[in-house]
Amino acid sequence: AAGVIQSPRHLIKEKRETATLKCYPIPRHDTVYWYQQGPGQDPQFLISFYEKMQSDKGSIPDRFSAQQFSDYHSELNMSSLELGDSALYFCASSLYRMNTEAFFGQGTRLTVV
Amino acid sequence: AQSVTQPDIHITVSEGASLELRCNYSYGATPYLFWYVQSPGQGLQLLLKYFSGDTLVQGIKGFEAEFKRSQSSFNLRKPSVHWSDAAEYFCAVGASVYGNKLVFGAGTILRVKS
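First to last, the protein sequences are chains A and B. In this text, residue positions in the first sequence follow the working numbering: the first is 1, and each later residue adds one. In this text, residue positions in the second sequence follow the working numbering: the first is 1, and each later residue adds one.
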């Protein structure tokens, strides 16, 4: 079965650079979530989208932005990167109206040097 | 606000022994509860979920969990642990599975000794 695809899997950036993470949800899923997991930490919710509209917002820094496109894929844009942004970023997707749980991708490991 | 407490940061069990990982949640309404497993550097795999109905839920890999409303708990159990079960386990609560965020516990790292 198709799963949530995240790209890239690994990314190394320097401080103050920008990064774009991509998430391709499971086909026909209409809701996308982004989570950040720092080293040794639990995943923290950043933001979610339902039908291309922001549906909820968590602890996402102002330097980050995200959107969901017409094909339901989502991108997380991160600017002015800081060392503390180094983390594993997860995307998850679900089908809102069918009461399904969220399925997670493998994550993108971002390292800021 | 929802919160999840996993009181055990690390647990070590012998292969073949039984396992129970504790999870307590705080939420005003009926919670949606989940257990996820994460191997090092990997994604989160759903083990099981509780939405409603039977309070004892069965999951993959021989895991089960019991929802106890009176204790605000959702403990994960396995009767006989295998070495491949070594991983980190996260309990999570969702306000609703309809597009709402999950709040995770801090996780419990399971070590299995042979």
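A virtual CB, placed ideally from N, CA and C, is assigned to each residue, including glycine. Quick caveat, the model's predicted, so the values are computed rather than measured.
Item                                                                                                                                     : Value
Reference W83 (chain B), options B:S72, B:A92, B:V112 and B:V4, closest by Cα                                                            : B:V112
Bridge-paired residues (DSSP) for K57 (chain A)                                                                                          : A:I47
Under 7 Å from the C-beta of K49 (chain B): neighbouring residues of chain A                                                             : E101
From A:P43, A:K52, A:T111 and A:G40, residue whose alpha carbon lies closest to that of M78 (chain A)                                    : A:T111
Environment of Q54 (chain A) [buried if 16+ CB atoms lie within 10 Å]                                                                    : exposed
At least 3 beta-carbon pairs within less than 8 Å: the region 61 to 70 of chain A vs the region 11 to 18 of chain B                      : no
Three-state secondary structure assigned by DSSP to I9 (chain B)                                                                         : coil
Rounded distance between the beta-carbons of F74 (chain B) and Y25 (chain B), thought under 8 Å                                          : 6 Å
Proximity test, Cβ basis, 8 Å: G105 (chain B) and chain A                                                                                : yes
Member of B:G105, B:I109, B:Q38 and B:L110 whose CA lies at the smallest distance from the CA of V4 (chain B)                            : B:G105
Proximity winner among A:Y35, A:G84 and A:I5, relative to A66 (chain A) (alpha-carbon distances)                                         : A:Y35
Contacts around P31 (chain B), its chain only, beta-carbon distance under 7 Å, and the 5 residues preceding and following it disregarded : Y25 and V93
Collapsed DSSP secondary structure at K61 (chain B) in the structure displayed                                                           : helix
Interface partners of G105 (chain A) on chain B, CB under 8 Å                                                                            : G43
Three-state class that DSSP yields for R77 (chain B) in the structure shown                                                              : strand
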